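A.B. asks:
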Ligand SMILES: Nc1ncnc2c1ncn2[C@@H]1O[C@H](COP(=O)(O)OP(=O)(O)OP(=O)(O)O)[C@@H](O)[C@H]1O
Ligand SMILES: [Mg+2]
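Chains as they are written, first to last, in this note's numbering: chain A, 1 to 580; chain B, 1001 to 1433.
1) Answer yes or no: do residue 1091 of chain B and residue 1112 of chain B have a C-beta to C-beta separation smaller than 7 Å?
2) For residue 1251 of chain B, I'd like the list of residues in its chain whose CB is within less than 8 Å of its CB, leaving aside the five on either flank, ordered along the chain.
3) What residue from A/304, A/565, A/323 has the CA that sits closest to residue 206 of chain A's CA?
4) Could you tell me which chain A residues have their CB closer than 9 Å to the CB of residue 1300 of chain B, listed as they occur along the chain?
5) Pull up the distance between the alpha-carbon of residue 345 of chain A and that of residue 291 of chain A, whole angstroms please.
6) Does the beta carbon of residue 1267 of chain B come closer than 7 Å to any beta carbon on chain A?
7) Between which two residues does the alpha helix (DSSP H) harbouring residue 156 of chain A extend?
8) Going by the beta-carbon positions, is the gap between residue 199 of chain A and residue 77 of chain A smaller than 7 Å?
9) Going straight from the alpha carbon of residue 468 of chain A to that of residue 480 of chain A, what length do you get?
10) Please check the pair residue 241 of chain A and residue 1309 of chain B, which I expect to be a contact at CB under 8 Å, by giving their CB distance rounded to whole angstroms.
11) Please name the residues in the stretch 1317-1331 of chain B whose beta-carbon is closer than 8 Å to at least one beta-carbon of chain A, in chain order.
12) Does the distance between the C-beta of residue 246 of chain A and the nearest non-hydrogen atom of ligand 1 fall short of 6 Å?
13) For the stretch 286-312 of chain A, list every residue whose C-beta sits within 7 Å of some C-beta in chain B, in sequence order.
14) From which residue to which residue does the beta strand (DSSP E) around residue 349 of chain A run?
15) Between residue 445 of chain A and residue 421 of chain A, what straight-line distance do the alpha-carbon atoms span, to the nearest angstrom?
16) Starting from residue 94 of chain A and walking both ways along the beta strand (DSSP E), at which residues does that stretch end?
17) Taking any Cβ of chain A, which residues in the stretch 1168-1200 of chain B have a Cβ under 8 Å from it, in chain order?
18) With the cut-off set at 7 Å, would you say residue 210 of chain A and residue 263 of chain A are in Cβ contact?
19) Considering only their Cβ atoms, is the gap separating residue 1286 of chain B from residue 1234 of chain B smaller than 7 Å?
20) Which residues, in order along the stretch 74-98 of chain A, keep a beta-carbon less than 7 Å from a beta-carbon of chain B?
21) For residue 254 of chain A, count the other beta carbons within 10 Å of its own beta carbon; 16 or more makes it buried, fewer makes it exposed. Which is it?
22) I'd like to confirm something about residue 1178 of chain B: is its beta-carbon nearer than 6 Å to some heavy atom of ligand 1, or not?
23) Per DSSP, which residues does residue 195 of chain A bridge with? Please list them.
24) Return the residue from the list A/544, A/226, A/418, A/356 that minimises the CA-CA distance to residue 456 of chain A.
25) Residue 218 of chain A and residue 248 of chain A - do their beta-carbons sit closer together than 7 Å?
26) Pull up the distance between the alpha-carbon of residue 280 of chain A and that of residue 293 of chain A, whole angstroms please.
27) Answer with yes or no whether the minimum CB distance from residue 580 of chain A to chain B is below 7 Å.
28) Strictly by DSSP, which residues pair up with residue 1263 of chain B?
29) Please confirm if residue 1354 of chain B has its CB atom under 7 Å from at least one CB of chain A.
30) In chain order, what residues of the same chain lie with their CB nearer than 7 Å to the CB of residue 1023 of chain B, ignoring the 5 residues before and after it?
31) Anything in the stretch 1064-1092 of chain B with a Cβ closer than 8 Å to a Cβ of chain A? List those residues in chain order, please.
32) Does the Cβ-Cβ distance between residue 1371 of chain B and residue 474 of chain A come in under 7 Å?
33) With a 10 Å radius around its C-beta and 16 neighbouring C-beta atoms as the bar for buried, classify residue 430 of chain A as buried or exposed.
34) Following a CB-centred definition, is residue 1304 of chain B positioned closer than 6 Å to any heavy atom of ligand 1?
35) Quick check: is the beta carbon of residue 347 of chain A nearer than 7 Å to any beta carbon in chain B?
36) At the level of alpha carbons, what is the spacing between residue 1296 of chain B and residue 250 of chain A?
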């Protein structure tokens, strides 16, 4: 069948209207032909003989009458071995390869293959002739870094299949056949190691979704202890500009104990991605001994790159995440920032002249956000393995005010809210997650009662602090003052964490449990400090020892020595150590 | 010769509509009115209807005025002859020098491939402690000064430009008051920097549409020089005027405003300009310093708000000094680590700010009439010293001197414990007497 074609009849920003001569479908990919450039675009609305395209590239120079070709395909990504370590734009173009070919600047109207089709992968078959398989089941695997990349029956294939042939162990490229399977009607299908999947549709080739319960160890103390994230859960990080969203996400992408990390840099600064690009290949992942890059995929559609591709980029990222989850792995996806994605939707909606909702966001904003986070989850695969995709998104609320559409829509659907505070960031209390306003629905690996008790301490310390602003220190009792100092102590030595110190930046589960005990002991001890000056001096000293302790590796001899010093100081000043 | 059109169908705001064919999106046209010639740019194509925004404004445009399409989008000349020259927002000379038409280059060209970017590592020393210690400026950074009218932001911009060791300066004036423009010019002249500067100047009395082109022209020229190995500092003042000009066009085009009348793509538009800041591996760089005046001194106003989300930090200029709160250089950690700077740099930076925050609290308490504890007294003393010896903009000392001064202030006001400094640093840097 001849592909449908059309001609441009209007251009406004990145929205192009096209008169069409044949069959087209919503969200189909189309190409605008301009000389030897092929500008990729997507149908976002269909009228009477007219298609509205959002163009993923600059529309400069387009003219009425320019030719358009429709592809018959939904916007999709290519799946297969070789995705790890890649740096893609929002449409899965590999940026390093583009750089190699075109130099400093991003060319227009060029599409590159996402995966290397010449590279040979050593394939080990798993399925046997005669086996019955369904979509998502493994036919064999190839090693991709430290993982066994499962070669699965494409998720697009419906029904049961009988394996007729599986390739022998050996080296194959992703375009070579590695199996032949027969469907229920007797039709045979050749299987390669790679296939395409439409990004806006969730991959559901698993047995069932289960409720996320196990904590995902991020090694950020305030998160793991107070506002934990579950494997397969969701969280959001809203905060005004400069509050520390991106730094926190980078820290999480480094220290989180998961198999695969996908970073979607969505409409933010290019410079921030570069830090990942350049540093991850150098940093060792202590869990595997390989570099961090070996477990990472970066989707990079930064703020000056085309807006429509930004809209696509979060879907590209989540699709890759679902793909690796399908292999039985724990995947963490982080999108920075979901507000830029929402703004891309708003720009598009404005160009389509849709009726605007609050702050001109489209009426479907909420459902799109919900749909996106819904693609996370803990799943049981058909082989019984459990795997997870955890999704965390930053939110950049206008004016730093959480009462705005994107934050509110996100809060409705996520399981943990890590709200960053301008005041804490200004006071350099990092990570600036607000300890009294944030929340999590997931459970921590630390005893909930202990957490509750320390949270009360934090709250009361904060109350005393507020009160002192009114009545002054002299109007505050010594006991209250001690409460205040304890709250500050907890904040200073435990909630705050130095992301730029190699030891302090990531605190293991064991260390958190260990240190939290010690912190708790301080919180519960009634110190014999008769006046405020003395109390302040004591806590300053204790804090100093603790902060130094935080910088010492747990397996070193100094660790124990420092602990002893802390212990001595506590004992010297305690009247009665409650709870010991 | 391209076809001439002389039937304007509608004029609304600074946007005119004509019937024409074979016109490219964003193509330029020249319109001849009784006031002279002006450029106009295509902003919408709808079948054979072409909407253009007229750079000189639509005042005095008659429906039968001649329009000729030029067959290319906005361009600007690029050569060493531009140095020392002053142009307007349409790229024409506004000094007495000759028109330059050789080597025309495209403006608002494609983005740099993120994979080609490098981690910025070179600090730009300004000898202003609030910048050098607390918020180091880094080559390829994009950074606005957030301020309100009346504050000396243009003076600060000019001072940094003079003190920074860059190869050349490009000043983009956007709706700048005439006397501010002259002040810039005189400062750079006196500092002997005019011959390595290029101005694209749109003053408050010039056409507003032209002001929209100023950042693009400045950055396009900067990019070419950077590719030739030059470290270029681009100054843009005032980007709030730029955003307001965009708002005006958007309203004329009946776009749905998102926030206080600004178009929904304000973020993307600003980002497209600021993201031109870059350090080209093996060549030069572009550093962008801008002024963003905050209407009503409100940082949540859409212009400073969107700017803050794009730039790599901001300097708040308040009451004549750079406010330690809110001011931030996000690239500072690239240049203030022990490998690149003195090993107490970070500790002084964090420690002094935390103490300053406590000073502010104490001052609040004092203003409410509370008795000041011993600790409060210390903080008060500290705060005053910090303001006088660090924040004051007349302080003009190199980074190392400023760090030493930091330790002296701390030692003068506190015991070692009270500073929260790591013991190791205290042993090395705490003044011994
Ligand atoms: N954990 C941290 N430790 C030390 N400094 C931090 C930390 N987090 C953030 N900062 C400081 O704050 C700056 C801004 O942080 P970040 O870029 O993460 O903000 P953001 O919330 O992502 O802002 P935006 O919305 O504008 O992107 C950093 O450049 C750094 O100076
Ligand atoms: Mg950020």
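For glycine and all other residues, C-beta sits at the position ideal for the given N, C-alpha and C. In this text, all values refer to a predicted model and were calculated from it rather than measured experimentally.
C.D. replies: Answer, in terms of the structure:
1) No, Cβ-Cβ distance for residue 1091 of chain B and residue 1112 of chain B is not below 7 Å.
2) 1013, 1257, 1261
3) Measuring from the Cα of residue 206 of chain A, the nearest candidate turns out to be A/323.
4) 240, 398, 399, 400, 401
5) 36 Å
6) yes
7) Segment: none, residue 156 of chain A is in no alpha helix (DSSP H) and carries neither H nor E.
8) Contact flag set, yes.
9) 10 Å
10) At roughly 4 Å, the Cβ-Cβ gap stays under 8 Å, so residue 241 of chain A and residue 1309 of chain B are in contact.
11) Under the 8 Å Cβ criterion, the stretch 1317-1331 of chain B contributes 1325, 1326, 1328, 1330, 1331.
12) yes
13) 300, 302, 303, 304, 305, 307
14) First-last for residue 349 of chain A: 338-351, but that is the alpha helix (DSSP H), not the beta strand (DSSP E).
15) Between residue 445 of chain A and residue 421 of chain A, the C-alpha separation is close to 25 Å.
16) Per DSSP, residue 94 of chain A belongs to no beta strand (DSSP E) and is neither H nor E.
17) none
18) If you check the CB distance, residue 210 of chain A and residue 263 of chain A do not come in under 7 Å.
19) Cβ distance < 7 Å, so residue 1234 of chain B and residue 1286 of chain B count as in contact.
20) 87, 95, 96, 98
21) buried
22) no
23) A/79
24) Its Cα nearest to that of residue 456 of chain A, the residue A/226 stands out among A/544, A/226, A/418, A/356.
25) no
26) Going by the C-alpha atoms only, they are around 5 Å apart.
27) For residue 580 of chain A, the predicted model reports a pLDDT of 42, less than 50, meaning its position is unreliable; a value from the coordinates is still stated below. Not one chain B Cβ lies under 7 Å of residue 580 of chain A.
28) B/1257
29) By the rule that beta-carbons nearer than 7 Å mark a contact, residue 1354 of chain B touches chain A.
30) 1042, 1045, 1050, 1069
31) 1073
32) yes
33) buried
34) no
35) With 7 Å as the cut-off, residue 347 of chain A counts as an interface residue toward chain B.
36) 35 Å
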